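Residue numbers (the working numbering), protein chains in the order written: chain A, 232 to 485; chain B, 0 to 282; chain C, 1092 to 1339. Beta carbons are placed, not taken as given, at the ideal position from N, Cα and C, and that holds for glycine. Here the structure is a predicted model, which is why all the values come from computation and not from measurement.
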Amino acid sequence: MQIDYYAYRSNINNWNAGFKVLLAMGTLCLVIALDKTAVSLFVIMFFGILTLGVGKTPARIYLHFMTVPLAFMICSGIAIAVQFAGSPVGEWNISLHFFYLCLTRSSVALAAKVFLKGIAGMSALYMMAFSTPMHEIIDVMRKLHLPRLFIELMSLIYRYIFILFDVAEKMQTAAKARLGYQSFRQSFRTFAGVVGNLFLISLKKANAYYDALLSRGYDGKIEFLADEKQIRPWQIGGCACYFTILIFLWYVCK
Amino acid sequence: MERSLLTVKNLYFSYDDKAVLKDINVNIRRGERVAVMGSNGAGKSTFFLNLNGVLHPEQGQIYLEGKQIGKKDLKELRKRVGFVFQDADSQIIAATVKAEISFGPMNMELGREEVEKRVRDAVSYMDLDKLKDRPPHYLSGGEKKRVSIADILAMEPELLIFDEPMAALDPVNADNVERILNRLHDDGKTLLIATHDVDFAYRYADRILVFSDGELIADGTPVDIFHREKIMERAHLKQPEMLVIWEALRAAGLVAFDSRYPVTSNQVAKEIAHIKVKKEGES
Amino acid sequence: MTKTQKRVLKFSIMFALVFAVCPTVSAMHIMEGYLPPAFCIAWGIVCIPFLVKGFYSIKKIFTENQKTITILAMAGAYIFVISALKIPSVTGSCSHMTGTGLGAILFGPCTVSILGIIVLIFQAILLAHGGLTTLGANTFSMAIAGPFVSFGVYALCKKCRVNKNVGVFLAAMLGDLFTYCVTSIQLALTYQNEGGSIVSSAAEFFGVFVPTQLPLAVVEGLLTVLIMMALENYAKPELKAIGFEKSV
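Shown next, in the form of structure tokens:
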């Protein structure tokens, strides 16, 4: 849950959440809609500077999270670039006796382009994730008039995730202290035990937590006071400039 | 004159056919500090949930300022009787301290300004100004406890119930909580506190309720309760240190047999110093 | 531990050792930016009827008994947390369960579809698994298709009086496999090779992901069996309380 931790420490945490969500979502849509490598590169640079330079998120953490979907990127990259064929139709071919693995210039280019689009999308998403605590994002969704029950479930789940993580961690530590992870065999058994027990604990807690809700006057809806962070004129100006450059880049490449 | 705030008459409650509370009769007066003692599973928590309106008694009545509470008045009861849970985590649901404290007042359907004011007051009462925008999941145990107390204070109840408020706190944080409890008493609140700490109950409470096996087996002043050996044995209690020392001094004839029981360690120390002076004077 | 539990455990360890499991569940989430707008929207639309159905079933549960709000939220948090816990592995790499198979067996597929989309949003924002533009596609594969298959297989096994543990295993494993079949088809539809058919493209994506996903599906199936056994041993009343015995 490192992203959550750093979100509270970011220098751009004090920006308006709705503004950041709009900036990130707008960029995400444009990156896939405009579908240009130049646009992707610009987005990667812009959000890299915004998150690392302005937000001061540690670069080590940022790079680590960029590699989280690595397995997906590699697998899908191979699948996009390589083609199975009965005859050597590509620019580069590897014979596997029965059929050929073919690489064409265009398929490799496509894989690279898609890869860059992915990184660009993640840059935009991370700007938001690394600077906006989840509850503020949920508040933005509330303003978009998503069903109340859905929003309430989300905010409760967000809170409970931390509690269950805590419990799971304690159980794992206790198991470790009793040599529960000594061997591979043991760790497998311990893992299943921890997950099973966690279920029991979560149900028990759910009951106690409902009593606590009731005792504070819960009557079917959950509401809190929420502060709105101000949007400053220069932010709107900057945002407009940024989107203009994006569109301009796309126009030039067309 | 003391007025009765909450009265419980012939209260019975059971979970799945297992009787948890049997024929409870209590009258709690305004401004009292009541300690509730008894071993785990004696029914204290269930008793509190009944007082707070979360559970509904199977039999018996609850009166708030003489007015009987029916099923429709449960909300009223929840407003005027606040319950601070033992585990702060079970209470906290919001993602910032300020939002968390606002939950209770928001449910009371006060105006936004009133909610803001109450949150501000509770934050400053519990000294949470520095933490008010922080998420609860990165707070320490002591800090969470303070937040969970502020939660209830913001609802401005007349009767406050604490379920083992010092459990799992370090000595400094436990002292803090005790100071808060003293302050609440000075501000005229009525307090009901479940505790296993006999020393704390002895020095803090005006009155002790002892539960055992779902029954209220004793109701009296600390000095009275801690002299009733049968009761203490049944409820797994022991005598407070202060009382043990005082009894020893008495047995040795060092203090007068009808002297008043001291409450704090300072008082005992003063008395002992006094004995020394007296002895030196005699010789 | 019972005898069967021991047997399952032995088998899973052997299996894991033989295949030196090193899968990652994040490989099943389609990443941000990988789908063009038309597909993002299309998959989102496909999800809508399921989500609406799921939402109404949750809403019904909630209005019947408000107490379910904390239970539902805990269930969601539970699915998120078990999908984020590291499965022990020989190679020391990170692998995770999807948890949706277990969720579908415990809470039913309609409930899991709503909890699933919430979990996916959290995974995208808090763990960097998946993305927001690909939320529709991921929701369909992981929160709808997988759980429905799991639940269907589980119910079918129950009806045919197949051994309960075998049923749980098949439900969790096939749910997992189906999730990743759907992911392959989703990617194949987007990145069709020139001249190749959708089927051959899908097979290609399928083939590339097999080495990581097949072992994971088997491990998930085995772990789910172990967890269900533990629950049946210790949590019979709780299982009953959430309507587990009744619903299946």
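- MET36(B) carries a strand assignment under DSSP once its states are collapsed to helix, strand and coil.
- Here DSSP, grouped into helix, strand and coil, assigns GLU177(B) to helix.
- The three-state reading of DSSP puts ARG227(B) in coil, since its state is none of H, G, I, E or B.
- Residue nearest to LEU456(A) within the set GLU240(B), PRO104(B), ASN265(B) is PRO104(B) (criterion: CA-CA distance).
- Distance between VAL83(B) and ILE160(B), taken at the CA atoms: about 6 Å.
- If you look at SER326(A), you'll find it in the beta strand (DSSP E) that goes 323-326.
- Between GLN1277(C) and the set ALA439(A), PHE381(A), GLY411(A), ILE311(A), the nearest pair of CA atoms involves ILE311(A).
- Short of 7 Å from the beta carbon of SER1275(C), and not among the five residues preceding or following it, lie these beta carbons of its own chain, in chain order: ALA1293, PHE1296, PHE1297, PHE1300.
- From the beta-carbon of TYR391(A), the residues of chain C found nearer than 7 Å are ALA1164, MET1165, ALA1168.
- Counting of Cβ neighbours within 10 angstroms places TRP323(A) among the exposed residues, the total staying below 16.
- Cβ contact annotation for CYS1138(C) (same chain, cutoff 7 Å, sequence separation greater than five): GLY1227, THR1230, PHE1231, ILE1235, in chain order.
- In the three-state DSSP reduction, ASN24(B) falls in the strand class (E or B).
- No Cβ of chain A is located within less than 8 Å of the beta carbon of ILE1289(C).
- Unbroken alpha helix (DSSP H) runs of no fewer than 4 residues, entirely contained in the segment 1243-1297 of chain C, are found at 1255-1281, following chain order.
- Bounds of any beta strand (DSSP E) do not take in LYS71(B), whose DSSP letter is neither H nor E.
- Proximity of chain A to LEU1317(C) at the Cβ level (cut-off 9 Å) is accounted for by PHE419, ARG420, PHE422, ALA423, GLY424, VAL426, GLY427, in chain order.
- DSSP, read as helix, strand or coil, puts ILE1318(C) in helix.
- With its beta carbon less than 8 Å from one in chain A, LEU1322(C) belongs to the interface.
- Residue-level contact check: PHE1146(C) touches chain A, since one or more beta carbons of chain A fall below 8 Å from its beta carbon.
- Taking MET232(A) as the centre and dropping the five residues before and after it, the same chain places the C-beta of ILE392, PHE393, PHE396 closer than 8 Å to its C-beta, in chain order.
- Sequence-ordered contacts of the segment 239-267 of chain A with chain C read ALA255, MET256, LEU259, CYS260, VAL262, ILE263, ALA264, ASP266 [C-beta pairs closer than 9 Å].
- Around the beta carbon of ALA405(A), a 10 Å sphere encloses fewer than 16 other beta carbons of the protein chains shown; the residue is thus reported as exposed.
- The segment 227-245 of chain B and the segment 255-274 of chain B touch, with three or more beta-carbon pairs separated by less than 8 Å.
- Per the coordinates, the alpha-carbon of PRO1200(C) lies some 42 Å from the alpha-carbon of ARG79(B).
- By the Cβ rule, the segment 57-76 of chain B does not count as touching the segment 136-144 of chain B, because fewer than three pairs are nearer than 8 Å.
- Per DSSP, the unbroken beta strand (DSSP E) holding GLN58(B) starts and ends at 58-63.
- The C-alpha of LEU1280(C) is placed about 18 Å away from the C-alpha of LEU1268(C).
- Across the structure, LEU377(A) and GLY249(A) are spaced so that their CA atoms are roughly 15 Å apart.
- By the Cβ criterion, the segment 167-176 of chain B is not in contact with the segment 112-120 of chain B, since fewer than three pairs of Cβ atoms, one from each stretch, lie closer than 8 Å.
- Setting aside the 5 residues that flank it on each side, ILE325(A) is surrounded in the same chain by TYR331, LEU332, each with a C-beta closer than 7 Å to its C-beta; the list follows chain order.
- Within chain B, the residues placing a beta-carbon under 7 Å from that of PHE455(A) are ALA93, ALA98, SER101, PHE102, MET105, ordered along the chain.
- Within its own chain, the residues whose Cβ lies closer than 8 Å to the Cβ of ILE1152(C), once the five positions on either side in sequence are excluded, are THR1159, LEU1163, THR1202, listed in chain order.
- In the three-state reduction of the DSSP assignment, GLN1157(C) falls in the coil class, being assigned neither a helical nor a strand state.
- Not a single C-beta of chain A is nearer than 8 Å to the C-beta of PHE12(B).
- Per DSSP, GLY187(B) is not a residue of any beta strand (DSSP E), being assigned neither H nor E.
- When DSSP reads this structure, ARG206(B) sits in a beta bridge with VAL33(B).
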